Structure formats: structure tokens, C-alpha cells
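Colleague: Just passing along the structure, written as C-alpha cells.
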Amino acid sequence: MNSKYEPLFEPLTLPNGVQLRNRFVLAPLTHISSNDDGTISEEELPYIEKRSKDVAIAINAASNVNDIGQAFPGQPSVAHDSDIPGLKRLAAAMKKNGAKALVQIHHGGAQALTNLTPDGDAVAPSAISLKSFGQQHEHHAREITATEIEQTIKDFGEATRRVAEAGFDGVEIHGANHYLIHQFVSPYYNRRNDIWADNYKFALAVVDEVVKAKETYANEDFIVGYRLSPEEAESPGITMDITEQLVNKLCQTAIDYIHVSMMDTHAKTREGQYEGQERLPLIKRFVNGRKPIIGIGSVFTADDALDAIENVGVDLVALGREILLDPQFIDKIKQGREQDIVNYFDPQREDLHQLTPKLWEQFNKGFYPVPRKDK
């Protein structure tokens, strides 16, 4: 291994005392490859095993905590006890080579796909119409009731129980990317006039419920993370000022890391007092060493990963599109073969990327923004 990449392979200890073997994380990638009922398919097991092999933490795709929260076709479910047998197989595959295996627990909220939910229903903090994953036309999401809010919080706790029973090492709470928890934080989506109008109340209630479930059903080594989006384009939306307050509140909870969802590790703040400053260094300043930070965004080379750790200043770097393109990304760096990393999509080589058939089709259609050999 080239010695300059050694910082990528230094261990890191989480707040709960768990030691991670390196600084790489498998991002929770939407693979649309689970069975139609949300149970784990045969196709996704070898796919996820390959991509979990060398990372410190492997996070499975966003997994819905109840049926009305499904936001993708082929989305894995943690909503029913009947999901547990398949989840056990998934946990074993992800942990096989030493990674810590987590499930990202998720509710689509307004982004739920009405063709996949019971009675075509979708809920949001406040009523809204929008287009979601792959949709050509808008659908309507009604305002979620207070009773349903309380039940949804419990559903996150029950999902955590199932994840623990299946043998996983933890959960990541999906509070990013315009899904339900994000929607409650956002002034754009949350226009309520009851107690849930507080932008942070729902997110923190979910964290509390998940931590309680950990204390009841898991051990101290069970990892709880939280993913957030630091800004949104909508107005009035989430700003870095809101994120600063959210981060300060999260740092007072028993979570073990904060995962910042972005398309570029060097993305800059859009507006407000921090306009023009890079988001990740700002969040590092907000956190002030209280929690490890996972950064993600357009990491396609070994040098991109090193830059995220050494210059941007994150503690862990998540691999998304790149580890889809090349599941041997980390191993090639370790072997001193970083020049052999595949960082483009080749539509003529289905064998090259080792994707599930449905995910291959998405890449081939150009659904995800990646460099392509034919462009």
C-alpha cells in the first residue's frame, strides 16, 4: 500500500466503545432488489456481501419501518416480524468478512409511492403534492395525524428490535433526503400548528425511541447513527442555521455518529450567515469532537477518499456510487493498485460491476449520475 493512504486504514473508536477497523463506510444504497413484499431476495445477498467485505461499517439500503412508508420498488422491509428470517441471512452476509452491519431505518413520508402503499395512502407533516422516485406525475400526501405520529415513532423502535433480533450491529436513522424525519425538520414540509410544529421534536422522539429499543433488546455495542441533509433547495427550507441547532441537539443524545448526506464532499452553503463556506467543515465545527462524522459525496478515487479525511476533516468516508462501480475499491488501495480502480460505468460489461439485474438496468438508463465509458 502507498504509505500516503495509511490514514484511511487507521482504526476509530465510536462513543459506545466499538472499534472500527478502518475509515470506510458502505453507504445505504437504494438497490430496488428486495422481493415485492420487502423480504430479502437471493439477488441482494451476494451483491451486499461483496460491498461489505472491506469496509468498517456496512449500511443496508433504506428499509421501511411500516407499510405506508415504502418509498421505492424493491425496498427492504423491517416492518414485520416475518421479515426477520431474511434479515438474519442479510446480517450474516454483511458481517461475513468483519464489517459492522447496520440497517438504515426509514419512512418515506410524502415521498412514499402510493402504488406500493395500502390503499394508495401517503402521509406527511403537512398536506403536500409532489413527485417521488421514478414518478412522472405528482401524488398527494395528506397530513399525518397526531395518533399516527405516535405510532410511527413506536414503529421505529419496533424496527430496531427486529434489526437486533436479526443479528445486526446497529441501525442508522434516516433523517435525510426529504423523507419523513427530514420533512418534520423542514419548514417547507412542516407547517403544522400543534406540538409537532417544533422542527426538532419528531426527530429527537425517534432517536429516543430507538435508543430505548437498543437498551431493551440489544447490548452496549449496538450502534445507533443518524443521517441528515444539511440544506435543501426549497424555501423556506432547511438551512445551515437549522442544521447547527439539530446537530447540537443530536450531540446531546446517545447516538454514535452523524452521517451527512451530500453529493459532493466540498459542497458549499447556499445562503445565510455561512453562505459560501463548505458544509462539512462547518458541521465538524458544530459537532466539536462530540460525535464522529461520516462524509459522502463524489468519492471516486483513492485521493478523493484521502482528501475527505485529511482536508475536509470527516472521521469516516462513505462510498456510494463508486463502490457500486467497483466493489474492490478498498482492497485495491490496500494492495497498492489504486490505479486499477474502476470509476466509470461500462454498459458493455455487466460482469465488471457485479450489480443486481435491476440496479444494472438503472445504471444503464442513466438514472444515477456517474462517469460512463460511452460518454
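In my numbering, the protein residues as written are 9 to 383. The C-beta atom is built at its ideal place from N, Cα and C for all residues, glycine as well. Because the structure is a prediction, the values reported are computed rather than measured.
(1) Does the beta-carbon distance from VAL325 to ILE291 come in below 8 Å?
(2) Using the DSSP secondary-structure output, state which residues sit across from LEU254 in a beta bridge.
(3) Could you spell out where the beta strand (DSSP E) holding ARG150 opens and where it closes?
(4) My output table needs one value for HIS182: the three-state DSSP class, helix, strand or coil.
(5) Could you pull out every residue in the same chain whose Cβ sits closer than 6 Å to the Cβ of LEU360, ignoring the five residues on either side in sequence?
(6) Does DSSP put SER306 in a helix, in a strand, or in coil?
(7) Which complete alpha helix (DSSP H) runs does the region 173-257 hold, if anything under 4 residues is left out?
(8) For VAL111 versus VAL73, is the C-beta spacing smaller than 8 Å?
(9) Based on DSSP bridge pairs, tell me the residues matched to TYR265.
(10) DSSP three-state label for ILE331, please.
(11) Could you pull the DSSP bridge partners for LYS139 from this structure?
(12) Going by beta-carbon coordinates alone, are LEU327 and ALA64 separated by less than 8 Å?
(13) Does the Cβ-Cβ distance between ILE161 and VAL214 come in under 8 Å?
(14) Can you tell me which of PHE80, GLY116, TYR265, ILE48 puts its alpha carbon nearest to the alpha carbon of ILE92?
(15) ALA66 bridges to which residues according to DSSP?
(16) What would DSSP say about PHE371, mapped onto helix, strand or coil?
(17) Can the beta-carbon of GLY82 be found closer than 8 Å to that of ILE40?
Modeller: In brief:
(1) Here the question's residue 325 lines up with position 317 in the sequence shown. Here the question's residue 291 lines up with position 283 in the sequence shown. Contact check for VAL325 against ILE291 fails: the beta carbons are separated by 8 Å or more.
(2) By one-based count along the sequence shown, residue 254 stands at place 246. In DSSP, LEU254 forms no bridge with anything.
(3) Residue mapping note: residue 150 aligns to position 142 of the sequence shown, counting from 1. Taken as a continuous stretch (DSSP letters only), the beta strand (DSSP E) holding ARG150 covers 147-151.
(4) Counted from its first residue, the sequence shown places residue 182 at position 174. DSSP, reduced to helix, strand and coil, places HIS182 within a strand of the structure shown.
(5) Position 352 of the sequence shown, counted from the first residue, corresponds to residue 360. Within the same chain, LEU360 has close Cβ partners ASP354.
(6) By one-based count along the sequence shown, residue 306 stands at place 298. Annotated three-state conformation of SER306 is coil, per DSSP.
(7) The DSSP assignment places complete alpha helix (DSSP H) segments of no fewer than 4 residues inside the region 173-257 at 188-193, 209-225, in order along the chain.
(8) Your numbering for residue 111 matches position 103 in the sequence shown. Your numbering for residue 73 matches position 65 in the sequence shown. Contact: no.
(9) Reading the sequence shown from its first residue, position 257 is the one you call residue 265. Note: TYR265 sits in a beta bridge opposite GLY233.
(10) Within the sequence shown, numbered from 1, the residue matching residue 331 stands at position 323. In the three-state scheme derived from DSSP, where H, G and I count as helix and E and B as strand, ILE331 is classed as helix.
(11) The residue you call residue 139 lines up with position 131 of the sequence shown. LYS139 pairs with nothing; no bridge assigned.
(12) Locating residue 327 in the sequence shown gives position 319, where the first residue counts as 1. Locating residue 64 in the sequence shown gives position 56, where the first residue counts as 1. Contact flag unset, no.
(13) Position 153 of the sequence shown, counting from 1, holds the residue named residue 161. Position 206 of the sequence shown, counting from 1, holds the residue named residue 214. For ILE161 and VAL214, yes; Cβs fall inside 8 Å.
(14) Within the sequence shown, the letter at position 84 stands for residue 92. For the residues PHE80, GLY116, TYR265, ILE48, the minimum Cα distance to ILE92 belongs to ILE48.
(15) Here residue 66 refers to the residue found at position 58 when the sequence shown is read from its first residue. ALA66 is bridged to LEU34, ALA109.
(16) Here residue 371 corresponds to residue number 363 of the sequence shown, with the count starting at 1. Three-state result, PHE371: helix.
(17) Along the sequence shown, one-based indexing puts residue 82 at 74. Along the sequence shown, one-based indexing puts residue 40 at 32. Taking 8 Å as the cut-off, the Cβ atoms of GLY82 and ILE40 count as close.
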